[in-house]
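Asks: First residue of the sequence shown? That's 1384 in the working numbering, and the numbers climb one at a time after it.
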Amino acid sequence: MPGKNFFSAIAMLAGTIVGAGIFALPYTAAKSGLVATIFYLIFLTAVVVLIHLLYGEVVFRTNGQHRLVGYANIYLGKWGKRLSTISVMAGSYAALLVYLILGGKFLFIIFSNAFGGTEFVYTFVLFLVSAIFIALGFGMVSRLELALSVVLLLAIFIFLFKGSFLIDPSNFSLMVNWQEIFLPYGVILFAFGGVSIIPEMVKILKGEELKLKRAIICGTLIPAVIYFFFIIVVLGVSGAQTSEAAIVGLEPFLGRGVTILGAVIGFLAIITSYIAYGVNFKRTFQYDYNLSRFASFFLAVCAPFVLFSAGLDNFIRIISFTGAVMSGIDGILIILMYRVADRGGKGDRKPEYDIITSKWLEYLLIAIFIAGIVYTILNP
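Put into structure tokens, the structure is as follows:
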């Protein structure tokens, strides 16, 4: 019988995944075509579920507390640690930067009429509040994330319900824009970013490890379903005029009240993922690089705000590049770690579940990730 810890683990993964990326999805559908975006969503959902399960098995097979960098060092050696370090650092900074950009926009929408101020001011407020929670540690964050995830899902349901009455079927086109056919790939991979939280799920399910597999599947599929309906509603309402951040451009169609509700949804999604990412990033410095708590906190929390202040604020470009390149690298590393730990018999212990895959499927996924990385780098 599923208990509190099982649902907490699901909420933790789903709450981490549903973040800034959701607000770029309708824009990608408007640019590349609804059919192409839904195809990518279905295909990449299956890919991400498998990657998450493989990573969970790697965690189970390994003694001690580690993050992706630590596991890469154990199973792939120095080159794996170096590559994963680059991926984790760049990916985490990019994710935190995107959360700051959108979080500031949403707070501006919610409070600017009453209190005034600029987007930069609200971004700074978001930075300060999040920094406090990150400093408090994950015990409090996990409880916060569970509560906010429930509120977030309720808010999304209300938003989708209200928006569904304003859908214009003429906004849906079955045409595919071949010039933008690859746009959804990186954006959707970014929107599914949540693999870093799986070691924390293992902690929560201590004594109930057999439930991790189901928790990972549920925690990944729930965001996929939310993404599908969010794309349909936003695109159905605003059509070709869909903005890059979705909610920001809906006011002419939905009015001020519903737009504020959407901004609240946005902020809840941002704050949960921002805190979870920040805590994981801080612990990467602590556990895998043996830095002090203060140094880890400074590097994990303050650097993204410095990048934002320096003018790095192109939302779609950051998301697309990060998803295709950094998530692609992570996917490759996880597959290779799984092969060494499972097929190579290098794990420390027998895992609570064992994923059976074909080596040809593994090769195909690695080839897809490499192709996405190369294409994105050559066509930034």
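Glycine included, each C-beta is placed from N, C-alpha and C at the ideal position. Predicted model, so just to flag it, every value in this text is computed and none were measured.
(1) Compare the beta carbon distance of L1509 and Y1657 with 9 Å and say whether it is the shorter of the two.
(2) Among the candidates C1685, I1587, V1647, whose CA atom is the shortest distance from the CA of V1534?
(3) Could you say which of I1654, E1745, V1689, A1659 lies nearest to V1512 if we only look at CA atoms?
(4) Hey, out of I1615, F1612, F1575, Y1410, whose CA is closest to V1599's CA?
(5) Please state whether the Cβ-Cβ distance between A1403 and L1485 is less than 9 Å.
(6) Measure the alpha-carbon distance for Y1610 versus C1685 and round it to whole angstroms.
(7) Would you mind working out which of A1629, P1635, G1755 sits nearest F1406, comparing C-alpha positions?
(8) Can you grab the Cα-Cα spacing for the pair A1514 / G1416, in whole Å?
(9) If we require 4 or more residues per run, which alpha helix (DSSP H) segments fall completely within the stretch 1545-1628?
(10) State the Cα-Cα distance for the pair I1580 and G1640, rounded to the nearest angstrom.
(11) Quick check: what's the CA-CA separation for S1703 versus S1470?
(12) Beta-carbon within less than 8 Å of N1560's beta-carbon, same chain only, minus the 5 sequence neighbours each way: which residues are those?
(13) Among K1729, K1665, G1649, whose alpha-carbon lies nearest the alpha-carbon of L1483?
(14) Please go through the same chain and pick out, in chain order, the residues whose beta-carbon is closer than 7 Å to the beta-carbon of T1676, but skip the five residues on each side of it.
(15) V1578 and D1725 look like a contact to me (Cβ under 8 Å); what is the Cβ gap, rounded to whole Å?
(16) Name the two residues that bound the continuous alpha helix (DSSP H) containing T1468.
Replies: The answer reads as follows:
(1) Locating residue 1509 in the sequence shown gives position 126, counting from the first residue. Locating residue 1657 in the sequence shown gives position 274, counting from the first residue. Contact flag set, yes.
(2) As a first step, residue 1534 must be located in the sequence shown, where it is residue number 151. When C-alpha distances from V1534 are compared across C1685, I1587, V1647, the shortest belongs to V1647.
(3) The residue you call residue 1512 lines up with position 129 of the sequence shown. Comparing Cα positions, the closest option is I1654.
(4) Mapped onto the sequence shown, residue 1599 falls at position 216. It is Ile, not Val, that sits at residue 1599 in the sequence shown. Comparing Cα positions, the closest option is F1575.
(5) Along the sequence shown, read from residue 1 onward, the residue named residue 1403 stands at position 20. Along the sequence shown, read from residue 1 onward, the residue named residue 1485 stands at position 102. The Cβ atoms of A1403 and L1485 sit closer than 9 Å to each other.
(6) Numbered from its first residue, the sequence shown carries residue 1610 at position 227. Numbered from its first residue, the sequence shown carries residue 1685 at position 302. Those two C-alpha atoms are separated by around 30 Å.
(7) If you number the sequence shown from 1, residue 1406 lands on position 23. Measuring from the Cα of F1406, the nearest candidate turns out to be A1629.
(8) Along the sequence shown, one-based indexing puts residue 1514 at 131. Along the sequence shown, one-based indexing puts residue 1416 at 33. Their Cα atoms are separated by approximately 38 Å.
(9) The alpha helix (DSSP H) runs of length 4 or more contained entirely in the stretch 1545-1628 are, from start to end of the chain, 1566-1574, 1581-1587, 1595-1621.
(10) Walking along the sequence shown from the start, residue 1580 turns up at place 197. Walking along the sequence shown from the start, residue 1640 turns up at place 257. The alpha-carbon atoms of I1580 and G1640 are separated by roughly 34 Å.
(11) Along the sequence shown, read from residue 1 onward, the residue named residue 1703 stands at position 320. Along the sequence shown, read from residue 1 onward, the residue named residue 1470 stands at position 87. Taking the straight line joining both Cα atoms gives about 15 Å.
(12) Working through the sequence shown from its first residue, we reach residue 1560 at position 177. K1414, S1415, G1416, A1419, listed in sequence order.
(13) Numbered from 1 along the sequence shown, position 100 holds the residue referred to as residue 1483. When each option's Cα is compared against that of L1483, the closest is G1649.
(14) Stepping through the sequence shown from its first residue, residue 1676 is reached at position 293. Here the sequence assigns Arg to residue 1676, which means Thr is not the residue at that position. Residues Q1669 of the same chain have their beta carbon placed closer than 7 Å to that of R1676, with the five preceding and five following residues left out of the count.
(15) Numbered from 1 along the sequence shown, position 195 holds the residue referred to as residue 1578. Numbered from 1 along the sequence shown, position 342 holds the residue referred to as residue 1725. Contact doesn't hold; Cβ gap of about 17 Å is too wide.
(16) Counting from 1 along the sequence shown, the entry for residue 1468 is found at position 85. 1461-1498 is the span of the alpha helix (DSSP H), which, as asked, contains T1468.
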